[in-house]
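Okay, structure first, notes after.
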Amino acid sequence: MNDAACRGLSDIFFPPAAERPQARERREQMARAVCETCEVLATCRDFARNHHEYGFWGGESEEQRHQAGFHLIAPIGIRARS
Ligand code: SF4
Numbered sequence: 038m039n040d041a042a043c044r045g046l047s048d049i050f051f052p053p054a055a056e057r058p059q060a061r062e063r064r065e066q067m068a069r070a071v072c073e074t075c076e077v078l079a080t081c082r083d084f085a086r087n088h089h090e091y092g093f094w095g096g097e098s099e100e101q102r103h104q105a106g107f108h109l110i111a112p113i114g115i116r117a118r119s
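So the sequence shown is numbered by the numbering used here: it starts at 38 and just counts up by one.
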């Protein structure tokens with residue numbers, strides 16, 4: 038956590054209540070840009086996948102993690118479209 042590029046930026050890694058899809062896409066783009074600069078991206082992504090975390094972790098959205106085979110009960114992108 039000490040090496041995380043997202044320290045202090047949790048607002049863009051977790052959705053607010055009732056977030057609309059367009060706002061989610063913008064928020065996740067900002068989060069992805071932070072992750073691309075992060076020294077611990079691979080470790081973070083593996084942790085989130087293996088612990089079925091919600092939110093944006095390791096350069097991946099909930100939907101991307103779910104589609105990679107690390108299933109979540111209600112990933113936000115898929116839930117919004119169904
Ligand atoms: S890879 Fe993980 S630790 Fe690094 S900025 Fe992204 S969410 Fe934070």
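A virtual CB, placed ideally from N, CA and C, is assigned to each residue, including glycine.
Bear in mind the structure is a predicted one, so any value in this text is a computation, not a measurement.
Closer than 8 angstroms: residue i CB and nearest the ligand SF4 heavy atom
i, result
"L109", "no"
"G95", "yes"
"R82", "yes"
"A41", "yes"
"F50", "yes"
"A68", "yes"
Per-residue DSSP class, three states only, for residue i
i, result
"E97", "strand"
"R44", "coil"
"F51", "coil"
"N87", "helix"
"A109", "For clarity, residue 109 is Leu in the given sequence; the question names Ala instead. Of the three classes helix, strand and coil, the one that applies to L109 here is coil, per DSSP."
"M38", "coil"
Rounded straight-line distance, which links the Cα of residue j to that of residue i
i, j, result
"I110", "E65", "20 angstroms"
"N87", "F107", "7 angstroms"
"A85", "R57", "23 angstroms"
"A70", "G45", "15 angstroms"
"Q59", "I49", "14 angstroms"
Check: residue i C-beta below 8 angstroms from any heavy atom of the ligand MG
i, result
"S47", "You won't find the ligand MG in this model; what it holds is the ligand SF4."
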